[in-house]
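Novice: Okay, so the sequence shown: first residue is 7 according to the working numbering, each after it adds one.
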Amino acid sequence: MTTAQPLDVQPTPLALLLLGREADPRSERGVECPGDLPAPSDPDLVERARAAKAKLGDKVFVLGHHYQRDEVIEFADVTGDSFKLAREAAARPDAEYIVFCGVHFMAESADILTHDGQQVVLPDLAAGCSMADMATAEQVAECWDVLTEAGIADVTVPVSYMNSSADIKAFTGKHGGTICTSSNAERALNWAFEQGEKVLFLPDQHLGRNTAVRDLGMSPEDCVLYNPHKPNGGLTAEELRGAKMILWRGHCSVHGRFSLDSVNDVRERIPGVNVLVHPECRHEVVAAADYVGSTEYIIKTLEAAPAGSKWAIGTELNLVRRLANRFADEGKEIVFLDRTVCFCSTMNRIDLPHLVWALESLADGKVVNRIEVDPEVASFSKLALERMLALP
């Protein structure tokens, strides 16, 4: 018997990106953070953050997404979902620096909506979004060519989820579409179908499908899935012409892991439990849940829940754990929907050392990790965002 020799395997470009060792300007992943970060074990990190923030005073405004770690949320002036935070940034014109504790596309949106005198900082440039990465400008342009060849581009309206890059938002604005959030997706789709016959929904297939089927009463057969990695998206011209919803093959790596088995298991373990999930979850999970809504909806539902009620939440673990602690004194039992721990790995790249480094750098007069969107891209992106703000 011969012994297999070890292969001289060289890391692929994608592997290097995922490891953060290479950079790709078309991707939100794999960008190393310059500068010397304080050690995670530094016992003075909290005091250093407080001191730097106090030194900056009103010059800095810190935004914290719901999925951030507790150690980061502690220093946020406002917490919320991606759109709420971008809007809050725009509502603080006197703040010279906006430190966005979230992911790359969120900081882009804040830069688009704030004025030129403000500077948006992302504490770690490698804090991207796997869902946003699933739709590049080149792929979407190719998709539009496919729709044009099928003879349906002129009756198709793009609707892009807030969780998308500035390039995708700009494409949407340029082609007469709008942006949506998980809170207003139904209104956005109703508006889009008043403008055209079909919708190209980017980049989250699950939010698009759930909104179309659950809220608008469409059939699953009205939806087709466009795969950017297959010729013509893996669809025939006939399939495209017969569809109402053309869903992009993208998903959230956190919400996509919840399954129907998760729902069945928690109902068996906790009799009388209410299942509350985010609409980025798979359609079968949403169909089996008792309540479905955005992160803001999840929070408000739990705030209004009676004492002693039991809840299984299908969203990111940092938020679920924070809510469980918040409402424990009220006798509300709140558990994570799945047995498997499920953090948003890229959101968790924003930790206390990165935040301290960013704040101390600003306090010393050095702007680090500034997020700047190309003016033309920003213009068309803002057009799409303004259409969303004008939704009835």
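Note that CB positions come from ideal geometry on N, CA and C, so glycine has one too. Here the structure is a predicted model, which is why all the values come from computation and not from measurement.
Could you work out which residue in GLU77, GLY320 and ALA330 is closest to HIS360 when comparing CA atoms only?
Specialist: GLU77
Novice: Helix or strand or just coil, what does DSSP make of PRO46?
Specialist: coil
Novice: Please name the residue in SER268, ASP228, ALA364 and HIS235 whose C-alpha comes closest to that of VAL6.
Specialist: Since the first residue shown for the chain is 7 and the last is 398, residue 6 is missing from the structure and cannot be characterised.
Novice: Inspect the beta-carbon positions of THR352 and ALA133 and report whether they are closer than 8 Å.
Specialist: yes
Novice: Just checking my contact of LEU62 with LEU368 at CB under 8 Å: how many whole Å lie between their CB atoms?
Specialist: That pair is a contact at about 6 Å.
Novice: If we ignore side chains and look at the alpha-carbon of each, how far apart do GLY248 and ALA218 end up?
Specialist: 15 Å
Novice: Please go through the same chain and pick out, in chain order, the residues whose beta-carbon is closer than 6 Å to the beta-carbon of ALA147, but skip the five residues on each side of it.
Specialist: none
Novice: Could you give the first and the last residue of the continuous alpha helix (DSSP H) run that contains ASP70?
Specialist: For the record, residue 70 in the displayed sequence is Gly; it is not Asp. First-last for GLY70: 66-71, but that is the beta strand (DSSP E), not the alpha helix (DSSP H).
Novice: Rounded to whole angstroms, what's the CA-CA distance from ARG376 to ALA172? Just pull it up for me.
Specialist: 15 Å
Novice: Grouping DSSP H, G and I as helix and E and B as strand, with all else coil, what is ILE276?
Specialist: coil
Novice: Could you tell me the alpha carbon to alpha carbon distance between CYS287 and GLN211, rounded to whole angstroms?
Specialist: 10 Å
Novice: Out of PHE264, GLY278, SER315 and MET251, point me to the one whose CA is closest to PRO164's CA.
Specialist: Taking PRO164 as reference, the option from PHE264, GLY278, SER315 and MET251 with the minimal CA-CA separation is MET251.
Novice: Put THR187 into one of helix, strand or coil per three-state DSSP.
Specialist: The answer is coil: DSSP assigns THR187 none of H, G, I, E or B.
Novice: In its own chain, which residues sit with a C-beta less than 6 Å from the C-beta of LYS180, not counting the 5 before and 5 after it?
Specialist: PHE386
Novice: Taking the straight line between their C-alpha atoms, what separation do you get for ILE276 and LYS338?
Specialist: 13 Å
Novice: What did DSSP end up calling ARG247 once you bin it into helix, strand or coil?
Specialist: helix
Novice: Examine the Cβ distances between the stretch 390-398 and the stretch 188-208 and report whether three or more of them are shorter than 8 Å.
Specialist: yes
Novice: Leaving out five residues before and five after PHE89 in sequence, what residues of the same chain have Cβ atoms less than 7 Å from its Cβ?
Specialist: Within the same chain, and ignoring the five residues on either side of PHE89 in sequence, the residues whose Cβ sits closer than 7 Å to its Cβ are MET168 and THR187.
Novice: Which value, in whole angstroms, describes the spacing of the CA atoms of ALA293 and ALA58?
Specialist: 47 Å
Novice: Run through the DSSP bridge pairs and tell me what GLU339 is partnered with.
Specialist: LYS316
Novice: Along the chain, where does the beta strand (DSSP E) that runs through ILE104 open and close?
Specialist: 103-107
Novice: Looking at the secondary structure, which residues open and close the beta strand (DSSP E) in which LYS175 lies?
Specialist: Unbroken run through LYS175 is the alpha helix (DSSP H), 172-180; no beta strand (DSSP E).
Novice: Going by C-alpha to C-alpha distance, which of SER166, GLU80 and THR301 sits closest to MET394?
Specialist: Selected option, being the one with the closest Cα: SER166.
Novice: Out of curiosity, what's the CA-to-CA distance linking SER33 and ARG98?
Specialist: Only weak support is given to the placement of SER33: the predicted model assigns it a pLDDT of 48, under 50, and the value that follows is read from those uncertain coordinates. Approximately 29 Å between the Cα atoms of the pair.
Novice: Less than 8 Å between C-beta atoms, sequence neighbours within five positions excluded: which residues of the same chain meet that for VAL373?
Specialist: TYR103, GLN125, VAL127 and SER367
Novice: Assign GLU392 to one of two classes, buried (16 or more other C-beta atoms within 10 Å of its C-beta) or exposed (fewer than that).
Specialist: By the 10 Å Cβ count, GLU392 comes out exposed.
Novice: So what does ILE252 bridge to, in DSSP terms?
Specialist: LEU206 and VAL230
Novice: Tell me whether GLY86 sits in a helix, a strand or coil according to DSSP, three-state version.
Specialist: strand
Novice: So is ALA318 buried or exposed if we call it buried at 16+ other beta carbons inside 10 Å?
Specialist: buried
Novice: Do you know how far the Cα of HIS71 is from the Cα of PHE333?
Specialist: 19 Å
Novice: Quick check on the DSSP output: the beta strand (DSSP E) that includes SER166 runs from which residue to which?
Specialist: 162-167
Novice: Measuring straight from C-alpha to C-alpha, what distance separates PRO209 and ARG220?
Specialist: 18 Å
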